Amino acid sequence: MNKKELLKKVDILYQMYKEGSLGGEHMPEDANPKLSKDSKENYLYFTLPMALNYQRNSYTLWESALQTYQDEETRFVFSPKKVIGSSYEEVQKALVKYRVALQKDKQTEIWIHLCETFVELFDGDIRKLFDSLGNDVNKIRDFIQKDNKKKFPYLSGTKICNYWLYVIWQYTDRDYPNLECLNVAPDTHVVKSTCKLGLITEEEMERSDVQLLVIDRWNELFKGTKYRPIDIHTALWLWSRNGFIPLENVLE
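So my numbering is basically just the index in the sequence shown, starting at one, shifted up by 1.
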């Protein structure tokens, strides 16, 4: 399939998304306590649960996160300084209560490790990461994925890091001077939709580096077009999640 045909399909899919034909009136991260967009607490709310967002239902995760935040006894887990000042057992009990942590040992360790990193590097305020790097998507990603990968368990992953940066852009006051450098977040749904559109083959879906392949293909397709890679992310995610509504039924 040539670039022109692919972009035509993208146009249709993007219009379906904008018109609400793919669903998405309520996204997983909409389950949040409506904190002030610029607050430290808001940034931490949309950061810590993100590291546990793998191989699970995103809607359920964020509903669990909201319940945990709304409960005064468990809210402390969203404060890195309070977490590292608490016992492992106290943190684990709070994370398990509303099932934010499904793997109670492994995911408690991930949460605590991130909190230790945030206190060590940013005095518990993740906004300082963005400020110190001028909100540059590439510099932030390199800092997390290359320079300090072990300090950011799971948040440094190919899928989660890109999606986290996207969520921060969507749900906080943060803006990026180079938003066009933000990639699609190649989770299972995005990979499946990319294949369905013909941007990767079914054989390529089985490759161990399929996530990087998906990122590269979207970046290449959108060069010199009106689209930024992140523009299509939610449309791809919803299209797969809702069973691939036929594109030919639209704009006929």
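For glycine and all other residues, C-beta sits at the position ideal for the given N, C-alpha and C.
It should be emphasised that the depicted structure is a prediction, and the values quoted were computed from it without experimental measurement.
Looking at W219, P187, S22 and W165, the one whose alpha-carbon comes closest to that of R229 is W219. In this structure, Q146 keeps its C-beta atom at 8 Å or more from the C-beta atom of S133. Annotated three-state conformation of K38 is coil, per DSSP.
In summary, P81 is buried, with 16 or more beta-carbon neighbours lying within 10 Å of its beta-carbon over all protein chains present.
Here L239 is buried. Its C-beta has 16 or more other C-beta atoms within 10 Å.
Counting along the chain, no alpha helix (DSSP H) covers E181, and no H or E run does either. The beta carbon of K140 is closer than 7 Å to those of L134 in its chain, skipping five residues each way along the sequence. Our two residues, R242 and F77, have alpha carbons roughly 33 Å apart in a direct line. Per DSSP, F144 is not a residue of any alpha helix (DSSP H), being assigned neither H nor E.
Pairwise C-beta distances place the stretch 42-52 out of contact with the stretch 178-197, as fewer than three of them are shorter than 8 Å.
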